[in-house]
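For the sequence shown, the numbering used here gives the first residue as 684, with consecutive numbering after it.
Worksheet: one structure, shown below.
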Amino acid sequence: MDAKDRSNKLLVVISGPTGIGKTEVAIRLAQHFQTEIVYADSRQVYKELNIGVGKPDQEQLASVPHHLISHASIHNPYSAGHYTTDALTIIYTLFAKHDIVILTGGTGLYIQSVISGFDPMPDVPEEVTRHWTDVWAAGGTQPLIDALTEMDPDYLAQVDQSNHSRLIRAVSVSAHSGKPFSSFHMSREATRPFRTLCIALDLPRKDLYDRIDRRVL
């Protein structure tokens, strides 16, 4: 199927915070339109992660076809770029037999990469990451914060500055590429050959927390 043939196809995107019921809504829509679901979740995509990540249960998995659940191994690198390639391949294949496909999940970067693309994250040599890991081990997070102040103040303003893993990653990418880490998360506004309908679910905070409590307790 070429791009022209996909111009009338519709990708329905169900997004929202953890615990709001994205899976339930996606399944009901998939059943109604007799279609399939592609997941966009950076934890549910791993085979080995099954506790506390909100994967569909066996009954839900059996109700409609699901894709990119338990798809990769935590022992192998799986970046947002890998996800985008896999997701688009599946979506284009599904559009050959369905007019509507459902995309749902809690990872905004995954969703955005499918809808409009993004700059792929560069590979960083192990020695660069090791250097900044040693910097953190010797001096804590402050040297990383100081480096990001110069390299990428925009990312520093939004990142959890106590999360040394994210700081090391951001500094390593920025230092190696010569570009701010945050620039790789900016959309390139790629043109997709299908239409997109985005549905954002929302609930009052108390109701949402009650749903999360019921799910994890």
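The beta-carbon is built from N, C-alpha and C at its ideal position, and this holds for glycine as well.
Check whether residue 756 and residue 738 have beta carbons under 9 Å apart
On the sequence shown, position 73 is the one that residue 756 refers to. On the sequence shown, position 55 is the one that residue 738 refers to. For residue 756 and residue 738, no; Cβs fall outside 9 Å.
Assign residue 734 to one of two classes, buried (16 or more other C-beta atoms within 10 Å of its C-beta) or exposed (fewer than that).
Locating residue 734 in the sequence shown gives position 51, counting from the first residue. Exposed, because fewer than 16 other Cβ atoms sit within 10 Å of the Cβ of residue 734.
Compare the C-beta of residue 881 with all C-beta atoms of chain D and state if any pair is closer than 9 Å.
Considering every chain present, this structure includes no chain D. It has just one protein chain.
Kindly indicate which three-state DSSP category residue 697 falls into: helix, strand or coil?
For this step, residue 697 is matched to residue 14 along the sequence shown. Residue 697: strand per DSSP, three-state reduction.
Considering only residues of the same chain and omitting the five flanking positions on each side of residue 792, which have a CB-CB separation below 6 Å?
Indexing the sequence shown from 1 puts residue 792 at position 109. The residues are 763.
Just list the beta strand (DSSP E) runs in the segment 775 to 830, keeping only unbroken ones of 3 residues or longer that don't cross its boundaries, in chain order.
783 to 787
Please confirm whether residue 691 and residue 875 have their CB atoms less than 9 Å apart.
Within the sequence shown, the letter at position 8 stands for residue 691. Within the sequence shown, the letter at position 192 stands for residue 875. No, the pair does not count as a contact, with Cβ atoms beyond the cut-off.
For residue 761, three-class secondary structure by DSSP:
Counted from its first residue, the sequence shown places residue 761 at position 78. Three-state result, residue 761: coil.
I need the straight-line Cα distance from residue 740 to residue 873, nearest angstrom please.
Position 57 of the sequence shown holds residue 740. Position 190 of the sequence shown holds residue 873. About 34 Å.
Bounding residues of the beta strand (DSSP E) (the contiguous stretch that carries residue 882)
By one-based count along the sequence shown, residue 882 stands at place 199. Run containing residue 882: 878 to 883, per the beta strand (DSSP E) assignment.
Examine the Cβ distances between the segment 801 to 812 and the segment 858 to 866 and report whether three or more of them are shorter than 8 Å.
yes
Between 702, 719 and 698, which lies nearest to residue 710 when the distance is taken from Cα to Cα?
Stepping through the sequence shown from its first residue, residue 710 is reached at position 27. Considering only alpha carbons, the answer is 719.
Leaving aside the five residues before and after residue 716 along the sequence, list all residues of the same chain whose C-beta is less than 7 Å from its C-beta, in chain order.
Reading the sequence shown from its first residue, position 33 is the one you call residue 716. Result list for residue 716: 783, in chain order.
Where residue 720 sits in the DSSP three-state scheme:
For the purposes of this step, residue 720 is taken as the residue at position 37 of the sequence shown. Three-state result, residue 720: strand.
Does the structure place the segment 794 to 801 close enough to the segment 824 to 832 that three or more beta carbon pairs sit under 8 Å?
At 8 Å Cβ cutoff, the stretches do not touch.
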